[in-house]
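Worksheet: the structure to be examined is printed underneath.
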Amino acid sequence: MKITVIGTGYVGLVSGACLADVGNDVMCLDVDPAKIKILEEGGIPIHEPGLLEMVRRNVDAGRLSFTTDVDKAAKYGVIQFIAVGTPPDEDGSADLQYVLAAARNIGKHMDGYRVVVDKSTVPVGTADKVRGALAEVLAARGSDLEFSVVSNPEFLKEGAALDDFMRPDRIVVGVDDERATDLMRQLYAPFQRNHDKLVIMDVRSAELTKYAANAMLATRISFMNELANLAETLGADIELVRHGIGSDPRIGWHFLYAGCGYGGSCFPKDVKALIKTAKEYGHELQVLGAVESANDAQKHVLIDKIEKRFGKDLTGRRFALWGLAFKPNTDDMREAPSRVIIDELFKRGATVTAYDPVAMQEA
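Residue numbers (the numbering used here): -14 to 348.
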């Protein structure tokens, strides 16, 4: 199957490479010539274990190509994945300008039926906006070409993205018509040979599922961090407590580790966006508000401990930070707790020496 992936960032490049690796012909589009140059020269613009080898393997096999040509990309794939950034606005809402620009470009240049798939993390109702943008552009062309809009959120963990894509625990597809459903089933057939992992639902439910999943995981992280702080005060061992509660199958072991707070490209942005979406519809998500506040506070816990030990003036003292990215096996510095810690140490006059095995350049 011929597929176009719009965006060669983390989600787009991983998706494109994995889809090519199971035999599809994939063209990845990016409007940033610098990214395409890196890819065409045999490199990749992000760090993800195993991705470079997969990209090179599929480029060499002729299944994966890269372009900045919007017209060429829109005419290439029957399925068009939109995998562009949705950065947060000042009010916390997701900025959809790049998603809608991609949709308009598809509408301007498509020459046949297209399934337009939102792979980016987008708020509920985005598919309606994408559908409207496509219809508007096609009407201006005087075209009656047909299209479908699908929500297919990604559930990739940075540092383990290839395994997550190739061996998914579920594949959520929000779709409202049979033609698109059949094509999406064909597309994902190679990823569910053992059992059916497709979860078919309506588009709005799929859009909410992505935010709900990340919000739930962020909630577990903040809860464990608050519990760890309490355990320290009470003289309890949070690792033993974690073992005790994780043994309950209703709770499980995942995301029960205490730390410096969550960061990265997803959890902070998605929690804010879900809170903002709820407010727009007259709902206040009180739990998520507390999750966000607890996470912000957690990033200062280590600084509070340093102050308690050394005082507020840290002039002349040197501190070492082992690890800078928000998690291991990635170079992603977005919302990383280390950034808060370093800034606070500098404010107090300290000298900082830092090391990360993969994120030094990004830092």
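Note that CB positions come from ideal geometry on N, CA and C, so glycine has one too. Predicted model only: the values in this text are computed from it and were never measured.
Consult DSSP for residue i and reduce its assignment to one of helix, strand or coil.
| i | result |
| --- | --- |
| residue -11 | strand |
| residue 346 | coil |
| residue 322 | helix |
| residue 12 | strand |
| residue 333 | coil |
| residue 240 | coil |
| residue 29 | coil |
| residue 315 | coil |
| residue 179 | coil |
| residue 18 | helix |
| residue 289 | helix |
| residue 349 | Outside the shown range of the chain, which is -14 to 348, sits residue 349, and nothing can be said about it. |
| residue 300 | coil |
| residue 232 | coil |
Using the rule of at least 16 other Cβ atoms within 10 Å of the residue's Cβ for burial, across every protein chain shown, is residue i buried or exposed?
| i | result |
| --- | --- |
| residue 268 | exposed |
| residue 18 | exposed |
| residue 236 | exposed |
| residue 15 | buried |
| residue 252 | buried |
| residue 4 | buried |
| residue 108 | buried |
| residue -8 | buried |
| residue 234 | exposed |
| residue 169 | buried |
| residue 225 | exposed |
| residue 65 | buried |
| residue 219 | exposed |
| residue 130 | exposed |
From which residue to which residue does the beta strand (DSSP E) around residue i run?
| i | result |
| --- | --- |
| residue 151 | Residue 151 -> not in any beta strand (DSSP E); alpha helix (DSSP H) instead, spanning 146 to 151. |
I'd like to confirm the pairing. Which residues does DSSP put opposite residue i in its beta bridges?
| i | result |
| --- | --- |
| residue 157 | 184 |
| residue 307 | 340 |
| residue 73 | 79 |
| residue 136 | 103 and 159 |
| residue 49 | 11 |
| residue 65 | -11 and 101 |
In the DSSP assignment, the alpha helix (DSSP H) including residue i goes from what residue to what residue?
| i | result |
| --- | --- |
| residue 171 | 163 to 173 |
| residue -5 | -5 to 6 |
| residue 129 | Neither: residue 129 is in no alpha helix (DSSP H) and is coded neither H nor E. |
| residue 262 | 252 to 265 |
| residue 143 | Run containing residue 143: none; DSSP gives neither H nor E here. |
| residue 273 | 271 to 283 |
* Contact the stretch 148 to 159 vs the stretch 129 to 139: 3+ CB pairs below 8 angstroms -> yes
### Cβ pair count under 8 angstroms reaching 3, the stretch 298 to 316 against the stretch 327 to 338
yes
Requested in this report: Please confirm if the stretch 213 to 223 is in contact with the stretch 172 to 189, defined as three or more CB-CB distances below 8 angstroms between the two stretches.
Outcome: As far as the Cβ criterion goes, the stretch 213 to 223 does not touch the stretch 172 to 189, which means the pair count is below three.
Meets three-Cβ-pair contact criterion under 8 angstroms: the stretch 316 to 323 and the stretch 245 to 263:
Segments in contact, yes.
message = Under 8 angstroms: do the stretch 58 to 67 and the stretch 92 to 104 share three or more Cβ pairs, one atom per stretch?
response = Contact holds: three or more Cβ-Cβ distances are below 8 angstroms.
Review point. Can you find at least 3 beta carbon pairs, one from the stretch 196 to 206 and one from the stretch 264 to 280, that sit closer than 8 angstroms?
Key: Yes, since at least three Cβ pairs between the stretch 196 to 206 and the stretch 264 to 280 fall closer than 8 angstroms, the two stretches touch.
Would you call the stretch 27 to 42 and the stretch 141 to 154 touching, i.e. three or more CB-CB distances under 8 angstroms? yes
Practice prompt. Would you check if the stretch 284 to 293 and the stretch 101 to 119 touch, i.e. whether three or more CB-CB distances between them fall below 8 angstroms?
Written response: no
Next on the checklist: Closer than 8 angstroms is the cut-off here; do at least three beta carbon pairs connect the stretch 44 to 51 with the stretch 74 to 86?
Outcome noted: No, the stretch 44 to 51 does not touch the stretch 74 to 86.
| query | Touch check for the stretch 63 to 77 and the stretch 256 to 266: three-plus C-beta pairs under 8 angstroms? | reply | yes
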